[in-house]
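Input: a single structure, listed below in structure tokens.
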Amino acid sequence: MTKEKLLLLDGNSLAYRAFFALPLLTNDSGIHTNAVYGFTTMLQKILEEEQPTKMLVAFDAGKTTFRHESYGEYKGGRQKTPPELSEQFPYLRKLIDAYGIKRYELPMYEADDIIGTLAKQAATEQTEVIIVSGDKDLTQLATDQVTVYITRKGITDMEKYTPAHIEEKYGLAPLQIIDMKGLMGDASDNIPGVPGVGEKTAIKLLKEHGSVEALYTAIDDMKASKMKEKLVANEEQAHLSKQLATIYTEAPIEVGLDELAYPGPNEEELIAVWQELGFKSLIEKSDFADEVKEQAELKFNVVNEITADLFKDVMAVHVELENEHYHSCHALGISLTDGKETVYIPMDIASGNRLLKDWLKDPSKKKYIADSKATQAILQRVDIELQGVEFDLLLASYIVKPSISGDDVATLAKEFGYTDVQSNEAIYGKGAKWVVPASDILAEHVSRKAVAVWNLQPVLEEKLQQNEQFELYKNLELPLASILGKMESEGIKVDVPTLEKMGADLAAKLEIIEKDIYELAGEKFNINSPKQLGVILFDKLGLPVIKKTKTGYSTAADVLEKLQSEHDVVKHILTYRTLAKLKSTYIEGLVKEVHDEDSKVHTRFQQALTATGRLSSTDPNLQNIPIRLEEGRKIRQAFVPSQEGWVLFAADYSQIELRVLAHMCEDPALVDAFKQGMDIHTRTAMDVFKVSAEEVDSNMRRAAKAVNFGIVYGISDYGLSQNLDITRKEAATFIENYLASFPGVKGYMDSVVQEAKLKGYVTTILNRRRYLPDITSSNFNLRSFAERTAMNTPIQGSAADIIKKAMIDMDARLRSEGLRSRLLLQVHDELIFEAPPQEIEILERIVPEVMEHAIELLVPLKVDFSYGASWYEAK
7 MTKEKLLLLD
17 GNSLAYRAFF
27 ALPLLTNDSG
37 IHTNAVYGFT
47 TMLQKILEEE
57 QPTKMLVAFD
67 AGKTTFRHES
77 YGEYKGGRQK
87 TPPELSEQFP
97 YLRKLIDAYG
107 IKRYELPMYE
117 ADDIIGTLAK
127 QAATEQTEVI
137 IVSGDKDLTQ
147 LATDQVTVYI
157 TRKGITDMEK
167 YTPAHIEEKY
177 GLAPLQIIDM
187 KGLMGDASDN
197 IPGVPGVGEK
207 TAIKLLKEHG
217 SVEALYTAID
227 DMKASKMKEK
237 LVANEEQAHL
247 SKQLATIYTE
257 APIEVGLDEL
267 AYPGPNEEEL
277 IAVWQELGFK
287 SLIEKSDFAD
297 EVKEQAELKF
307 NVVNEITADL
317 FKDVMAVHVE
327 LENEHYHSCH
337 ALGISLTDGK
347 ETVYIPMDIA
357 SGNRLLKDWL
367 KDPSKKKYIA
377 DSKATQAILQ
387 RVDIELQGVE
397 FDLLLASYIV
407 KPSISGDDVA
417 TLAKEFGYTD
427 VQSNEAIYGK
437 GAKWVVPASD
447 ILAEHVSRKA
457 VAVWNLQPVL
467 EEKLQQNEQF
477 ELYKNLELPL
487 ASILGKMESE
497 GIKVDVPTLE
507 KMGADLAAKL
517 EIIEKDIYEL
527 AGEKFNINSP
537 KQLGVILFDK
547 LGLPVIKKTK
557 TGYSTAADVL
567 EKLQSEHDVV
577 KHILTYRTLA
587 KLKSTYIEGL
597 VKEVHDEDSK
607 VHTRFQQALT
617 ATGRLSSTDP
627 NLQNIPIRLE
637 EGRKIRQAFV
647 PSQEGWVLFA
657 ADYSQIELRV
667 LAHMCEDPAL
677 VDAFKQGMDI
687 HTRTAMDVFK
697 VSAEEVDSNM
707 RRAAKAVNFG
717 IVYGISDYGL
727 SQNLDITRKE
737 AATFIENYLA
747 SFPGVKGYMD
757 SVVQEAKLKG
767 YVTTILNRRR
777 YLPDITSSNF
787 NLRSFAERTA
797 MNTPIQGSAA
807 DIIKKAMIDM
817 DARLRSEGLR
827 SRLLLQVHDE
837 LIFEAPPQEI
847 EILERIVPEV
857 MEHAIELLVP
867 LKVDFSYGAS
877 WYEAK
């Protein structure tokens, strides 16, 4: 018969120990997790080592216990539990439940008393008992059957207290630990003891007398001394302290030993909790996680002939791509599942099949897809239309967890506890080792992805509903994906000869600047080498050294900008760098991205990437083409309509973020300025400088503009001083005057930070969330950055929501008007269309109308527009 072993854990003590032993950790939702993580690692270790048959975690039920009746100041000196720890206790309990461990607390009693009572009961049944705590008070419970583990450094390093160990360490029996506490007290529990008696003195007295009671029986026979005086003066306190330090082993608990059987963890529940808490390393290391990773058997059929009975009204569909470049790569195969039957269709069978094409384009047939935009784009290339997308795993995951990185189905699935699908890297390899696997392996991999999408649909949609984000997902991001897919597939035409001529012109300019630099430097050198440039500037020309790096002098842009007035060569070098980057990155780089078959670039809009909800683009990135330098702006001359005689029509929101700020803060002066159609920077200058509109000069307006936009991004006095080239004191005064003039802005900033601290996240107009785990950090820099992010994310994110809504409305309006004009690009707050000249008058009317009413604010939205033969002319 297996011997029973009872494991008793002191929940509060171990949670505190873990919290202070580990740095602050947070999950994607901003919930602190370090205490739970430390507790978990300790628990894993002790379960592996001890293999208990019974378990219980005891918690303190509250601040007041029966000990307070005899001593009101008991535990009175303890600091308030940090909120970063308090928020973790519900998750700790959830974790314990997932492990299948009984937990218990009892009003008016401490966890120690519950543990002591159960340990005593177990001893009568000859059950081995292991107690784990961070509190040495529990060592008094040690017996031949009871071993007390006390955490030392960290949480997993433990000292085992048996009667023999206590005798060796203190020269005392376990129960004498109570007497020792009675004499020396315990600062952590605010047990007073006898002032002046420390551990050594207490041990010495107990070795002589045995107990507190015996000591005071013999006190009259002790020689006169200062110690005797202290003992006599504090006799009552010593007896009280011993009483307070005594663990009560007859607590009226309502849980019996027969209820503490430990069955082991519920693997599914535990993985779900670990997933929620972000404990990825624990999932990967655990034995049962390995079992899950081995994957359950999947039943699927490889289809060689497509028949009508394959298709159901609702199915998950996965089209497997060679790589992420879906505008140029090939599809490898398609899998469909309704949760009961799963089929894989090789691409040569799927291509051109009428039944499949009809089902995919039927909007009444609902499809669950991993990435609908990519799927739509690659299907469109083989003349297959996709409609009826009901669920998009990538978009749903992004809205629920904006911090998710990666768009592989396995990566997304793993974030939500689903591990029955492998990563692309595991199947195809990486880099030069990438290869399409055997057909049977490929078929299973693609089928597993379809099944994963099917299984995750209810999970993600439930989370969206819980977060009140389903409308954002269903009515904004999901329809937008289809529009972006059409925009990407359409592409925008690039006049390559124009780009090549620009490249040649820049090369000529660079050659002239290069000669000027050599002449000013007095010798030739590699301008692109920071080391050689540093030698020229600081050793040869003797310019003041501003910053050094590990390898020498810093020649970074911010350093050179500060040195412009020191020597003419610096200005030339800055110009050289700017033009060289234009040539290599934006001209030569753009030429490489032009598709030969249609002379267009087909950028990929990243819809599930940024923390604010803004779109970004890649291959090529059309959102960062420089516009400050004329040479950069001219690159837009190469973007032209795809049809002869057509024009590009550009419309952009005017000061959208400031208008969103006015809407959110409801500051009367700010709202009134926009409603009156005033120049907001002039109005700001009037209020801050206390002057009339006529008295506002260009410098005043420039300063007002800097602080207007700076406020949106949580600018500091230092940042403003750098922008305006003024002192920090002047900048601080300016910001103070601004906030005094617009008190609603200050109120908004304060309230949004407080809301972030309370919830752990901020929201946009359409309830997009951004989680801010560092908003309560004790690290000033991390906390300050999180506070600035809390202020600007609702503004930037709401601006992103508005233009996304405008794109959806604009797409619908173009179709309802029966226009040939089409939307090609979105760049920040700007939409670019191409249109036949006869539709320009209609666009001038409907584009501002649609964009300005995408979302109604307290202040009017304003749209500026223009058109021309190129993107450059349209600006």
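Mapping the sequence shown onto my numbering, position 806 (from 1) lands on 812, and the numbers just tick up by one.
All C-beta atoms in this analysis are idealised placements derived from N, C-alpha and C, irrespective of residue type, glycine included.
Limits of the unbroken alpha helix (DSSP H) element including residue i
{"i": "Ser403", "result": "Leu399 to Val406"}
{"i": "Ile259", "result": "From DSSP, Ile259 is part of no alpha helix (DSSP H); its letter is neither H nor E."}
{"i": "Tyr434", "result": "Asn430 to Tyr434"}
{"i": "Lys504", "result": "This sequence places Thr at residue 504; Lys is not what is there. Start and end: Val502 to Ala527."}
Inter-residue spacing [alpha-carbon to alpha-carbon] between residue i and residue j
{"i": "Ile861", "j": "Thr46", "result": "47 Å"}
{"i": "Asp16", "j": "Phe65", "result": "7 Å"}
{"i": "Arg454", "j": "Ala251", "result": "59 Å"}
{"i": "Asp296", "j": "Ala302", "result": "Legend: pLDDT at Asp296 = 46, less than 50; position of this residue unreliable, value from coordinates given subsequently. Rounded to the nearest angstrom, the two C-alpha atoms are 12 Å apart."}
{"i": "Ala27", "j": "Gly140", "result": "11 Å"}
{"i": "Gly423", "j": "Ile781", "result": "27 Å"}
{"i": "Tyr754", "j": "Met670", "result": "7 Å"}
{"i": "Glu290", "j": "Gly284", "result": "12 Å"}
{"i": "Leu830", "j": "Asn705", "result": "38 Å"}
{"i": "Leu547", "j": "Ala527", "result": "8 Å"}
{"i": "Val452", "j": "Lys752", "result": "53 Å"}
{"i": "Ala712", "j": "Asp723", "result": "12 Å"}
{"i": "Phe317", "j": "Ala449", "result": "18 Å"}
{"i": "Gly68", "j": "Pro408", "result": "37 Å"}
Own chain partners of residue i with C-beta closer than 6 Å, once the 5 adjacent residues on each side are dropped
{"i": "Thr591", "result": "none"}
{"i": "Asp545", "result": "none"}
{"i": "Ile136", "result": "Leu13, Glu56 and Thr153"}
{"i": "Lys868", "result": "Ser660"}
{"i": "Lys11", "result": "Pro58, Thr59 and Glu134"}
{"i": "Ser605", "result": "Lys499"}
{"i": "Ser804", "result": "Val666, Thr770 and Ile771"}
Cut-off 8 Å between Cβ atoms - residues of its own chain near residue i, not counting five sequence neighbours on either side
{"i": "Val298", "result": "Residue placement at Val298 is poorly supported in this model, since its pLDDT is 42, which falls under 50; the coordinates are not used for a value here."}
{"i": "Met884", "result": "Since the first residue of the chain shown is 7 and the last is 881, residue 884 is not available in this structure."}
{"i": "Ile523", "result": "Ile533, Val575, His578, Ile579 and Tyr582"}
{"i": "Leu516", "result": "Tyr582, Leu585, Ala586 and Lys589"}
Same chain, Cβ closer than 7 Å to residue i, neighbours up to 5 away in sequence not counted
{"i": "Leu849", "result": "Phe655, Ser827, Phe839 and Ala841"}
{"i": "Phe680", "result": "Arg665, Ala668, Ile686, Val865 and Pro866"}
Backbone secondary structure at residue i - three-state DSSP
{"i": "Asn461", "result": "helix"}
{"i": "Ala419", "result": "helix"}
{"i": "Lys546", "result": "helix"}
{"i": "Phe611", "result": "strand"}
{"i": "Thr733", "result": "coil"}
{"i": "Tyr155", "result": "strand"}
{"i": "Lys811", "result": "helix"}
{"i": "Glu290", "result": "helix"}
{"i": "Ser622", "result": "strand"}
{"i": "Ala586", "result": "helix"}
{"i": "Phe25", "result": "helix"}
{"i": "His859", "result": "coil"}
{"i": "Glu840", "result": "strand"}
{"i": "Ile633", "result": "coil"}
{"i": "Arg774", "result": "coil"}
{"i": "Lys881", "result": "coil"}
{"i": "Ser804", "result": "helix"}
{"i": "Ile926", "result": "Not covered by the structure: residue 926. The range shown for the chain is 7 to 881."}
is_contact[residue i, chain D] using C-beta, thresh 8 Å
{"i": "Phe839", "result": "This model lacks chain D altogether; it includes just one protein chain."}
Run of the beta strand (DSSP E) containing residue i, from where it starts to where it stops
{"i": "Gly874", "result": "Val869 to Gly874"}
{"i": "Leu327", "result": "Val320 to Leu327"}
{"i": "Asp16", "result": "Lys11 to Asp16"}
Open item on the list: Which runs of the alpha helix (DSSP H) at least 4 residues long sit entirely within the region 206-273? Give them in chain order.
Closed with: 218-223, 232-239 and 241-251
Task: Any beta strand (DSSP E) of 3 or more consecutive residues that is wholly inside the region 334-399 - done: 337-343, 348-352, 372-375 and 395-398
Task: Unbroken stretches of the beta strand (DSSP E), 3 residues or longer, contained in the region 651-729 - done: Within the region 651-729, complete beta strand (DSSP E) segments of at least 3 residues are found at 653-659, given in chain order.
- [ ] Output the residue ranges of the alpha helix (DSSP H) runs that lie fully inside the region 54-134 and measure 4 residues or longer, sorted by chain position.
- [x] 73-76, 89-92, 95-104 and 117-130
TODO: Counting only runs of 3+ residues fully inside the region 548-581, write out the beta strand (DSSP E) ranges in chain order.
DONE: Look at the region 548-581 and you find no whole run of beta strand (DSSP E) that is 3 residues long or longer.
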